[in-house]
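Comments concern the structure below.
Numbering (my numbering), first residue to last: 12 to 98.
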């Protein structure tokens, strides 16, 4: 996961939590410090991040293949031939 926009731009890390109510994610290396020296995770909007690696189990692969979605190992190859399958 790479943050592309905002004050935390360029930082990398894993997603630790997802807030489905407020639509935010929390990234491992993006923390703030309160005045009482307590650490807290900074909320990141999911549209401001790039997923560079996905952990896929066998069941997740089966679900994706049922929807005719191509699974590629490299996300930086700019191969968007299967976008029509998503529509």
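The beta carbon of each residue, even a glycine, is placed where N, CA and C say it ideally should be.
In the DSSP output, what is residue 28 paired with across the bridge?
The partner list for residue 28 (beta bridge, DSSP) reads 37.
Quick check on the burial criterion: 16 or more other C-beta atoms within 10 angstroms. Buried or exposed for residue 12?
Classification for residue 12: buried.
Under 6 angstroms Cβ to Cβ from residue 73, same chain only, skipping five residues before and after it: list those, please.
Once the five neighbours on either side are set aside, residue 73 has no close Cβ partner at all.
Could you tell me which of 40, 17, 70 sits nearest to residue 26, measuring between CA atoms?
Nearest in C-alpha terms to residue 26, of all of 40, 17, 70, is 40.
Which first and last residues belong to the alpha helix (DSSP H) in which residue 76 is found?
69–77
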